[in-house]
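Enquirer: Chains as they are written, first to last, in the numbering used here: chain A, 8 to 368; chain B, 8 to 368. C-beta: ideal position from N, C-alpha, C; glycine also. Before anything else, here's the structure in question.
Have a look at this one:
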């Protein structure tokens, strides 16, 4: 079986097993030690001295937390979107009453830092910018270093959806000055879904003090008041925390630079392999993601049949496109617990299936 | 080891183990079958034909969902509180802009339906009432049948925190006409924390259509648009869903009436045992909860030392009081996977420890 959707991702055997440990008191010493250890490791992986909170929820909950903790209704926000998840981030901010300006780039391309600079210059009232580090729907990794520089120069708060990048692709949170950065346990973290993680800078705390969007469950201040004693304000996802604890230990044992290099190698195998099959990449190659590869369906090809046949006949799970790309692309996830050989297996299965789904390449 | 806090609760071995199954595609057939099976069982346990949604989050997230899906800022809401969790429910509604009238009853006592009737009669603008079925902080179970009847007569929406009751204490959702009822996986459900469950009545949907509180992650409409195909809008807590799937199967195999009777027997063992030790119950006995027993610390007794010593010397985990009761009571959780013998073990350990913590009974 090859589960190669862009999350949930496969989990190593020892991480799977550790979930089966019995419950403990979430306000007792054993759990607080675990939470403190995990948080310390997360700070290394996020490359930050900022606070980091574990939030029981999906990644989208983490995105909502980033918005409601830092903004007030009516605040001017620049959404920089290169795909479906960028649009979701904008939608959350709008839903909570922000005045969102949507700067959209063609799907498959990255955001242009100069265009972001020009957009920010048009309105001095912008308080925050929303970036997607890695756009899972199109397989594009933004040049977040440059985007964040432009945003810092404009003095706006930088909120980052790094759900499908952090832990797999280099993202030095402090060096790039990102204020709230969100990721989720089922992506590069080799753990099951259920925990979102968010880092919160000093500047984000200053914004929090003035932010008037309603918040209770996601309130960073409540999380902060518990984190120092190794607790969360609400009952945490204990089994998932067991998994994340061991998975982060394994990540640091492998070494973050080794993990980034492995993802780069695996991403190249996916891209080269797709091209060798006669298929075209959806993403501009210089910005193609090392965690998810989006491949164009060729003329006459039934992409949904490809995805279905791979599942039914080869136990290979990849994803179709999202939203307007649903029938136009397919996506291979390669983040977390993944090797070159895993992706070679996926490519071999695709090669077998292609002739039966209208591919004439 | 006896983990007898009021959640997380101990998990049976087979439920623990099932969490270790590998991830699957959360939008694939295997997971959709699981979600549909679990939801069908939940409808039996909730005794409802209403929609039921699994929300990735803690119970408090489910409470927030109940509020933001049905109310608008400025709406008049009657909070009926008998303890810490009742106050939390009111706090969530206030945080999102409701105009909350707080009807508070002495901690340790249940809500008086006549007082609720009088409070509701004072203002025809009340749109909703917030009830706690079982107040975990005081060990009191409200007479929800009578409270709900009063609320139905007043025509208000009935939002119920049933986090520590549903699945352990009878709560026929449709018969009592409760509009949104929330519970959480780590309580009577014998599963780890990470999934909140909420039932949503037709009347709640009508309220949802007009409700203007901002919502995105918790939006029932988004959940509804995915539930029919056996999916959730955001990535669900897959391992926790594995656990809940098996746990609900086990619950129906035991039979809900048997489970309610077992909790009643276990609750009686806890109450009789505490009294036999010379201690007094905190809750009015006619309303004492069958899922958590609150016991008063006697004159001169160090409750926190009792709790600590039980942990350190007997591996028996019970909870101290919350908020203003922190040093005044201790609480024994007995919900989910629990037998009379488990509680007898807890009582035996308490008996051993009592003389060393200032108890002169």
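What are the start and end residues of the alpha helix (DSSP H) that includes residue 178 of chain A?
Expert: To locate residue 178 of chain A, count along the first chain from 1; it is residue 171. It is not in any alpha helix (DSSP H) - residue 178 of chain A carries neither H nor E in the DSSP assignment.
Enquirer: Could you tell me whether the Cβ atoms of residue 79 of chain B and residue 219 of chain B are closer together than 8 Å?
Expert: Position 72 of the second chain, counted from the first residue, corresponds to residue 79 of chain B. Position 212 of the second chain, counted from the first residue, corresponds to residue 219 of chain B. Yes, these two residues count as a Cβ contact at 8 Å.
Enquirer: Is the beta carbon of residue 92 of chain B less than 8 Å from the beta carbon of residue 168 of chain B?
Expert: Locating residue 92 of chain B in the second chain gives position 85, where the first residue counts as 1. Locating residue 168 of chain B in the second chain gives position 161, where the first residue counts as 1. Yes; because the gap between Cβ atoms is below 8 Å, this pair is in contact.
Enquirer: Taking residue 253 of chain A as the reference, which of A:29, A:45, A:10 and A:129 has the closest Cα?
Expert: On the first chain, residue 253 of chain A is found 246 positions in, with the first residue counted as 1. The shortest C-alpha separation from residue 253 of chain A is found at A:45.
Enquirer: Once the 5 residues before and after residue 115 of chain B are set aside, which same chain residues still bring their CB inside 7 Å of it?
Expert: Locating residue 115 of chain B in the second chain gives position 108, counting from the first residue. Only 145, 147, 289, 290 and 291 meet the Cβ criterion.
Enquirer: Using CA coordinates, which residue listed in B:351, B:345, B:355 and B:363 is at the minimum distance from residue 5 of chain B?
Expert: Because residue 5 of chain B is not part of the residues shown, which for chain B are 8 to 368, the question remains open.
Enquirer: So if I threshold CB-CB distances at 7 Å, which residues from the segment 68 to 93 of chain B count as touching chain A?
Expert: The residues in question are 68 and 71.
Enquirer: Please determine, among A:265, A:272, A:53 and A:60, the residue with the shortest C-alpha to C-alpha distance to residue 296 of chain A.
Expert: What you label residue 296 of chain A is simply residue 289 of the first chain in a count that begins at 1. Among A:265, A:272, A:53 and A:60, the Cα nearest to that of residue 296 of chain A is on A:272.
Enquirer: Residue 102 of chain B touches chain A at which residues, Cβ-Cβ below 8 Å?
Expert: If you number the second chain from 1, residue 102 of chain B lands on position 95. Those are 221, 222 and 223, listed as they occur along chain A.
Enquirer: Tell whether a beta-carbon distance below 8 Å holds between residue 175 of chain A and residue 298 of chain A.
Expert: Residue numbering aside, residue 175 of chain A sits at position 168 when the first chain is read from its first letter. Residue numbering aside, residue 298 of chain A sits at position 291 when the first chain is read from its first letter. Yes, these two residues count as a Cβ contact at 8 Å.
Enquirer: Output the distance between the C-alpha atoms of residue 318 of chain A and residue 70 of chain A, rounded to the nearest integer angstrom.
Expert: Here residue 318 of chain A refers to the residue found at position 311 of the first chain. Here residue 70 of chain A refers to the residue found at position 63 of the first chain. Each residue's Cα considered, the two are about 31 Å apart.
Enquirer: Report buried or exposed for residue 142 of chain A, applying the criterion of at least 16 other Cβ atoms within 10 angstroms of its Cβ.
Expert: Indexing the first chain from 1 puts residue 142 of chain A at position 135. Buried, since its Cβ has 16 or more Cβ neighbours within 10 Å.
Enquirer: Consult DSSP for residue 141 of chain B and reduce its assignment to one of helix, strand or coil.
Expert: The sequence position of residue 141 of chain B within the second chain is 134, counting from 1. Residue state, collapsed to three classes: strand.
Enquirer: For residue 340 of chain B, is the classification buried or exposed, using 16 other Cβ atoms within 10 angstroms of its Cβ as the cut-off for buried?
Expert: In the second chain, residue 340 of chain B corresponds to position 333, counting from 1. Residue 340 of chain B comes out buried.
Enquirer: Within 10 angstroms of the Cβ of residue 179 of chain A, are there 16 or more other Cβ atoms? Answer buried if so, exposed if not.
Expert: Here residue 179 of chain A corresponds to residue number 172 of the first chain, with the count starting at 1. Counting Cβ neighbours within 10 Å, residue 179 of chain A comes out exposed, since fewer than 16 surround it.
Enquirer: Does any residue of chain B bring its CB to less than 8 Å from the CB of residue 32 of chain A?
Expert: For the purposes of this step, residue 32 of chain A is taken as residue 25 along the first chain, with counting starting at 1. Closer than 8 Å to some Cβ of chain B, the Cβ of residue 32 of chain A qualifies, so yes.
Enquirer: When the Cα of residue 57 of chain A is compared with those of A:234, A:100, A:284 and A:123, which residue comes out closest?
Expert: Numbered from 1 along the first chain, position 50 holds the residue referred to as residue 57 of chain A. Comparing Cα-Cα distances from residue 57 of chain A to each of A:234, A:100, A:284 and A:123, the minimum goes to A:234.
Enquirer: Does chain B have any CB closer than 8 Å to the CB of residue 13 of chain A?
Expert: Mapped onto the first chain, residue 13 of chain A falls at position 6. Chain B contact via Cβ: absent.
Enquirer: Nearest to residue 99 of chain A by alpha carbon, out of B:135, B:99, B:221 and B:279?
Expert: Along the first chain, one-based indexing puts residue 99 of chain A at 92. Cα-wise, what sits closest to residue 99 of chain A is B:221.
Enquirer: So if DSSP puts residue 203 of chain A in a beta bridge, which residue, or which two residues, is it bridged to?
Expert: The residue you call residue 203 of chain A lines up with position 196 of the first chain. According to DSSP, which records beta bridges pairwise, residue 203 of chain A is partnered with A:62 and A:191.
Enquirer: For a contact meaning CB atoms closer than 8 Å, what does residue 18 of chain A contact in chain B?
Expert: For this step, residue 18 of chain A is matched to residue 11 along the first chain. What residue 18 of chain A touches in chain B: 29 and 30.
Enquirer: Since residue 128 of chain B and residue 84 of chain B should fall inside the 8 Å C-beta cutoff, what is the C-beta to C-beta distance between them, to a whole number of angstroms?
Expert: Taking the second chain and counting its residues from 1, one reaches residue 128 of chain B at position 121. Taking the second chain and counting its residues from 1, one reaches residue 84 of chain B at position 77. So it is not a contact: roughly 16 Å between Cβ atoms.
Enquirer: Run down chain A in chain order and give the residues with a C-beta less than 9 Å from the C-beta of residue 106 of chain B.
Expert: Here residue 106 of chain B refers to the residue found at position 99 of the second chain. The contacting residues do not exist; residue 106 of chain B stays about 14 Å from chain A at best.
Enquirer: What in chain A is Cβ-close to residue 300 of chain B, meaning under 7 Å?
Expert: Here residue 300 of chain B is taken as the residue at index 293 of the second chain, counted from 1. What residue 300 of chain B touches in chain A: nothing, since even the nearest Cβ is about 17 Å away.
Enquirer: Given that residue 109 of chain B touches chain A, what residues does it touch there, using C-beta distances under 9 Å?
Expert: What you label residue 109 of chain B is simply residue 102 of the second chain in a count that begins at 1. Going along chain A, no residue has its Cβ under 9 Å from residue 109 of chain B, so there is no contact; the nearest lies around 16 Å.
Enquirer: Would you mind stating whether residue 131 of chain A and residue 109 of chain A have Cβ atoms separated by less than 8 Å?
Expert: Within the first chain, the letter at position 124 stands for residue 131 of chain A. Within the first chain, the letter at position 102 stands for residue 109 of chain A. It is not a contact, given that the beta carbons lie outside the stated cut-off.
Enquirer: If you reduce the DSSP assignment to three classes, tell me which class residue 164 of chain B lands in.
Expert: In the second chain, counting from the first residue as 1, residue 164 of chain B sits at position 157. Three-state DSSP puts residue 164 of chain B in a strand.
Enquirer: Residue 22 of chain A lies in the alpha helix (DSSP H); which residues open and close that run?
Expert: The residue labelled residue 22 of chain A in the question sits at position 15 within the first chain. Residue 22 of chain A -> alpha helix (DSSP H) spans 20 to 25.
Enquirer: Show which residues of chain A have a CB atom less than 8 Å away from the CB atom of residue 24 of chain B.
Expert: The sequence position of residue 24 of chain B within the second chain is 17, counting from 1. Within chain A, the residues near residue 24 of chain B are 27.
Enquirer: Jot down the residue ranges of each uninterrupted alpha helix (DSSP H) in the segment 194 to 251 of chain B, minimum 4 residues, whole runs only, in chain order.
Expert: Segments of the alpha helix (DSSP H) lying fully in the segment 194 to 251 of chain B: 209 to 217 and 227 to 234.
Enquirer: Is the number of C-beta pairs between the segment 19 to 28 of chain A and the segment 12 to 28 of chain B that are closer than 8 Å three or more?
Expert: With a cut-off of 8 Å, the segment 12 to 28 of chain B and the segment 19 to 28 of chain A count as touching, because enough Cβ pairs lie within range.
Enquirer: Suppose you measure from the CA of residue 352 of chain B to the CA of residue 230 of chain A; what does that come to, to the nearest Å?
Expert: Numbered from its first residue, the second chain carries residue 352 of chain B at position 345. Numbered from its first residue, the first chain carries residue 230 of chain A at position 223. Rounded to whole angstroms, residue 352 of chain B to residue 230 of chain A spans 35 Å at the Cα level.
Enquirer: Less than 8 Å between the C-beta atoms of residue 266 of chain A and residue 62 of chain A, yes or no?
Expert: Here residue 266 of chain A corresponds to residue number 259 of the first chain, with the count starting at 1. Here residue 62 of chain A corresponds to residue number 55 of the first chain, with the count starting at 1. No, these two residues do not count as a Cβ contact at 8 Å.
Enquirer: Quick check on residue 39 of chain A: buried or exposed, where buried means 16 or more other Cβ atoms within 10 Å of its Cβ?
Expert: Reading the first chain from its first residue, position 32 is the one you call residue 39 of chain A. Classification for residue 39 of chain A: buried.
Enquirer: Apart from the five residues on each side of it in sequence, which residues of its chain come closer than 6 Å, Cβ to Cβ, to residue 374 of chain B?
Expert: Since the first residue shown for chain B is 8 and the last is 368, residue 374 of chain B is missing from the structure and cannot be characterised.
Enquirer: Let me know the secondary structure DSSP gives residue 110 of chain B once reduced to three states.
Expert: Counted from its first residue, the second chain places residue 110 of chain B at position 103. Note: residue 110 of chain B maps to strand in three-state DSSP.
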